[in-house]
Every structure is written in C-alpha cells, then in structure tokens.
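**Student:** Take the sequence shown: its position 62, counted from the start at 1, is 61 in numbering that gives the first Met the number 0, and no numbers get skipped.
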Amino acid sequence: MKRFWTGFTLIELLIVVAIIGILAAIAVPNFLNAQIRAKIARAHSDQRSFAEALEMYYLDNNAYPWTDTLPRGANPLELRWIPLTTPVAYISGVPDDPFGDKDTPNGLSWVEQTNGTWKYRTYDLWCAKPGMSHWGWLSQAIETLNLPDSVRYYYASQGPDGKPEADFGSMVGTPYEASNGLNSRGDIFCAGPGMIKRQQ
C-alpha cells in the first residue's frame with residue numbers, strides 16, 4: 000500500500016504567519032497600553048497617600064515640610080521626603096515614580112541626560128516655607144499651571160513620556176492629559192491642600 004504524505008504548502012504557512020502577525024499587532028499595543036494605564040493608576044494612588052501624609056504632618060506641626068532647606072538640586076530627591084518618613088512615619092517610605100528611571104547611577108534620584116533634560120527615579124516634591132504663601136519654584140508652578148494661590152505644596156510624576164516638565168525651576172506648564180494620547184508628554188501632578196489637579 001502506498002502512503003501519501005501531506006503537509007502545509009508554502010501558501011498555507013504564509014497565511015498562518017500573516018494571521019499570527021495580525022494578532023500580535025493587535026495584542027501587543029493593547030498590552031502596552033494596559034501597562035501604562037496601570038502605572039497611571041499607581042501614580043494617582045501614591046499621590047493620594049502623599050496628600051494624606053502632608054495633611055497629617057501639617058496637623059502635627061502647623062506647617063508643611065519646607066523643601067527649600069535643602070540645597071537646590073538636592074540629590075537624591077528622597078531627602079525632600081525625609082520629614083514624612085522620620086521620626087514620625089506619615090508614609091512608610093517614598094515609592095519610586097512608576098514612570099521614573101530605575102537605572103540612575105550610584106543610587107541618585109536624578110541624572111542629567113546628554114540632551115540637557117533630566118531623569119528622575121522618585122517623585123518630585125516642593126512645599127512652601129512656613130509662614131509664607133509660596134515662593135520660588137512653587138510660585139512658578141502656580142503661575143504656569145494656573146493653580147490657585149492657596150497652593151502650599153506640589154508633587155509630580157514624570158508621566159508616560161518619562162521626562163519631568165519641571166527641570167529645577169524651568170516650569171513649562173505641561174500637565175499630562177490622557178485625552179492627548181496615553182504616551183503624550185506632561186507630568187501627572189497634584190497640588191494642595193485639596194488634591195488640586197490639572198489632568199484627567
């Protein structure tokens with residue numbers, strides 16, 4: 000008895016490869032978008048925790064932790080958060096910015112890029128000096144982001160583009176807006192008191 004061996008023709012193989020390619024083209028962007036949405040949700044969750052911690056600090060000290068006591072460009076940025084972690088733990092620690100750079104050298108929280116921009120690992124934070132409404136870079140944030148004068152603190156994630164819009168005082172006033180596209184530029188920021196935001 001003769002046996003007839005059958006297999007896939009080249010056309011059939013090409014069709015299978017094309018179908019797999021189409022499915023991958025649909026699935027991969029959806030997966031990446033889901034990752035970005037999860038990071039955005041994480042940033043919002045962290046910011047709610049920061050707002051609660053700052054308000055609890057205020058209740059105990061009648062002032063917010065003044066960040067300008069540190070040298071300008073203080074590195075690591077975690078130094079600005081120390082009053083919220085010790086001696087009283089208003090937060091257990093400072094989470095890394097989900098959009099931050101995890102590969103900053105020597106444990107630093109920010110590093111200058113070759114093109115003159117900056118990369119942060121953790122969240123940025125600025126608080127007004129006790130007894131003053133606002134000052135310096137916080138004033139620039141209030142002006143360029145059209146925030147109310149009642150703002151006493153400001154903190155931000157770099158957002159999906161991975162680039163801080165506030166590079167040591169150079170406030171370009173670009174809040175993140177998901178309606179511009181998930182990967183659009185802008186910081187996911189929050190100001191307070193009152194969880195004031197300018198992004199979706």
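Every residue, glycine too, gets a C-beta built ideally from N, C-alpha and C.
Where residue 93 and residue 183 are concerned, what is the direct C-alpha to C-alpha distance, given to the nearest angstrom?
**Tutor:** Roughly 25 Å separates the two Cα atoms.
**Student:** What separation, rounded to the nearest whole angstrom, lies between the Cα atoms of residue 99 and residue 45?
**Tutor:** Spanning the two alpha carbons is a distance of roughly 13 Å.
**Student:** Can residue 174 and residue 161 be called in contact, C-beta distance under 8 Å?
**Tutor:** Contact flag unset, no.
**Student:** I'd like to know whether the C-beta atoms of residue 149 and residue 187 end up nearer to each other than 8 Å.
**Tutor:** Not a contact, by the Cβ cut-off of 8 Å.
**Student:** Straight-line CA distance for residue 63 to residue 95?
**Tutor:** Looking at the two C-alpha atoms, the distance is approximately 21 Å.
**Student:** For residue 156, write down the residues that DSSP places opposite it in a beta bridge.
**Tutor:** Beta-bridge pairing links residue 156 to 187.
**Student:** With 16 other CB atoms within 10 Å as the buried threshold, where does residue 25 fall?
**Tutor:** Residue 25 comes out exposed.
**Student:** Given a cut-off of 8 Å, decide if residue 152 and residue 13 are closer than it, judged by their beta-carbon atoms.
**Tutor:** Taking 8 Å as the Cβ cut-off, residue 13 and residue 152 do not qualify as a contacting pair.
**Student:** Helix, strand or coil: which one does DSSP assign to residue 123?
**Tutor:** Reduced to three states, the DSSP call for residue 123 is strand.
**Student:** Taking the straight line between their C-alpha atoms, what separation do you get for residue 167 and residue 57?
**Tutor:** In this prediction, residue 167 has a pLDDT of 47, which is less than 50 and means its spatial position is unreliable; what the coordinates show is noted afterwards. Roughly 25 Å separates the two Cα atoms.
**Student:** Output yes or no for whether 8 Å exceeds the beta carbon distance between residue 159 and residue 181.
**Tutor:** For residue 159 and residue 181, yes; Cβs fall inside 8 Å.
**Student:** In the DSSP output, what is residue 90 paired with across the bridge?
**Tutor:** Answer by DSSP bridge pairing: none, since residue 90 is not bridged.
**Student:** Based on Cα-Cα distance, which residue from 18, 51, 177 lies nearest to residue 37?
**Tutor:** That would be 177, whose Cα lies nearest to the Cα of residue 37.
**Student:** With a threshold of 16 other CB atoms inside 10 Å of the CB of residue 28, please say whether the residue is buried or exposed.
**Tutor:** Result: exposed.
**Student:** Compute the distance between the beta-carbons of residue 147 and residue 65, then report whether it is under 8 Å.
**Tutor:** No; because the gap between Cβ atoms is not below 8 Å, this pair is not in contact.
**Student:** Could you round the C-beta distance between residue 48 and residue 21 to whole angstroms and report it? I think they count as a contact, below 8 Å.
**Tutor:** Wrong, their Cβ atoms sit about 42 Å apart, outside the cutoff.
**Student:** Cutting at 7 Å between CB atoms, please list the residues of its own chain near residue 192, excluding the five before and the five after it.
**Tutor:** Taken in chain order, the residues that qualify are 54, 151.
**Student:** Per DSSP, what are the beta-bridge partners of residue 163 in this structure?
**Tutor:** Partner(s): none; residue 163 has no beta bridge.
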